[in-house]
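Following our numbering from start to finish, the sequence shown increments by one per residue and tops out at 803.
Working notes, structure below.
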Amino acid sequence: SETARTHQKEVLNHELIVSEDIYVSELDALLTNVINPLTINAHRCHLKAEELIHVFGLMKHMLDFHEQFVRMLHDEIYVYEHFDTYIAFLQLYHRHLHRFSHSLHIISEWSKSMAFREFTMLRLQNPRVSKFIDGRLCSLPYHLYRPLLRCKEYYRFFKRVEKITSSSDAEYKKVMKCKNTLRIVYSKIRKRDSHITQKSRLLEIQLQIFDNPQPIVSDHREFVYNRMCEQKRSGFGKKWKQVHLYVFNDGLLWCSRRGQFKQAFRFEHCNLLYGAADGAHLFIQYGSKQKKQPQQNAASTSTAHDMRILSSHAPSTKQFVLAFASEHIRDYVLHLIQRTHISHLEQLQSRYRHGHHQHHHQHHHRH
């Protein structure tokens, strides 16, 4: 009925205005307590002024606009009129999207500076900031993505309004104009979302790691998984210490539990996302001794577990964190890593040792 449709519209408009208040509070907390102080102290943090403008400049304009915009929305029951009048503000979001990828690379370079890390972390942990946004340093990519997320929320709002608006309603043309204009930016964001999300994830990881000599953010790198592991300590008692492994399509990072970089391993002639080339062998070496490559279609294992993967049953060895010689073994190992039943690891290793022993015995018997 008409009364029900009117009520639905009022509810949707109220929800948008409430979320607009929250969005403005988030932008204000970030800019007032983090970005503006960072800009003032750019030299101290070893940052270039032009890079700060590239990364955060548009967000300052967004805040200026939305602070005025939200006041106007509070004065109306329906927001269509003001959206229709000021729809050109979407140009800010289009430009922000265009800059986004390069901005991630810039922040990646900033992360090499401990002064930048410490300065930013202290201000993100300010109660006035953490009240509205995530106060961790690794949340910085999300805060940069937040305006694009808001743009998608605007589009979904008008799609919902369109469904309960009759073509004979006075506001129908304005609703359709706003929706169609938003759809252009929305489609561009959706088209690049996968790349943006993957790259943002790389930056999140980089901001959690200290003293990494090479940047993690790259257009050709993709995150695969991360895993907490245990490494056996030397000396009496054979105690274990926790380490953190980050695996990407082109390599692996080995860090301490607290994020201190330890070592990087590069995958040769192989990409985890696309598979190994014919005859290619992939090794992630741990230790100084050289070890013979495993036989084709056989994963390398050992009874000496100097490194083990927690809550997983992926094969772990003394000389190699991971070692597989074909695409088939790669898929097999990655499938095991995704599972968490530790008893299966014990069964797998026992089965492999038994099969390897039988194969060795048969081979010896023939000779």
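Glycine included, every Cβ here is placed at the ideal spot set by N, Cα and C.
Pick from 608, 604, 589 and 590 that is closest to residue 598, judged by C-alpha positions: 608
Enclosing alpha helix (DSSP H) for residue 499 [first to last residue]: 485–510
Mind checking which residues open and close the alpha helix (DSSP H) that includes residue 654? Careful: residue 654 lies outside any alpha helix (DSSP H) and carries neither H nor E.
Give every residue of the same chain whose Cβ lies closer than 8 angstroms to the Cβ of residue 565, excluding the five residues on either side of it in the sequence, and list them in chain order. 465, 466, 469, 470, 559 and 571
Exposed unless 16 or more other CB atoms sit within 10 angstroms - verdict on residue 550: exposed
Please classify residue 406 as buried or exposed, where buried requires at least 16 other C-beta atoms within 10 Å of its C-beta. What the structure shows of the chain is the stretch from 437 to 803, and residue 406 is not part of that stretch, so it cannot be assessed.
Give the secondary structure of residue 460 by DSSP, where H, G and I count as helix, E and B as strand, and everything else as coil. helix
Taking Cβ to Cβ, would you say residue 805 is nearer than 8 angstroms to residue 523? Outside the modelled stretch of the chain, which goes from 437 to 803, sits residue 805, for which no answer is possible.
Quick one: residues in its chain with C-beta nearer than 7 angstroms to the C-beta of residue 639, no 5 flanking neighbours on either side, listed in chain order? 540, 543, 544, 577 and 653
Assuming residue 662 and residue 697 form a contact by the criterion Cβ under 8 angstroms, report the distance between their Cβ atoms to the nearest whole angstrom. Their Cβ separation, rounded to whole angstroms, is 14 angstroms, which puts residue 662 and residue 697 out of contact at 8 angstroms.
What residue from 535, 548, 624 and 556 has the CA that sits closest to residue 491's CA? 535
In this structure, how does DSSP classify residue 681 when only helix, strand and coil are distinguished? strand
Could you spell out the range, first to last residue, of the alpha helix (DSSP H) harbouring residue 587? 576–599
Let me confirm a value: residue 525 is counted as buried when at least 16 other C-beta atoms fall within 10 Å, else exposed. Which label applies? exposed
Could you please give me the residues that DSSP links to residue 481 through a beta bridge? Per DSSP, none; premise fails for residue 481.
Indicate the three-state DSSP secondary structure (helix, strand or coil) for residue 662 in the structure shown. strand
Candidates 694, 512, 584 and 520: which alpha carbon is nearest residue 624's? 584
Would you list the one or two residues that DSSP bridges to residue 646? 696
For residue 510 versus residue 458, is the C-beta spacing smaller than 8 angstroms? no
How is the alpha helix (DSSP H) around residue 520 delimited, first residue to last? 516–522
Looking at C-alpha atoms only, which residue of 702, 447 and 574 is the closest neighbour of residue 513? 447
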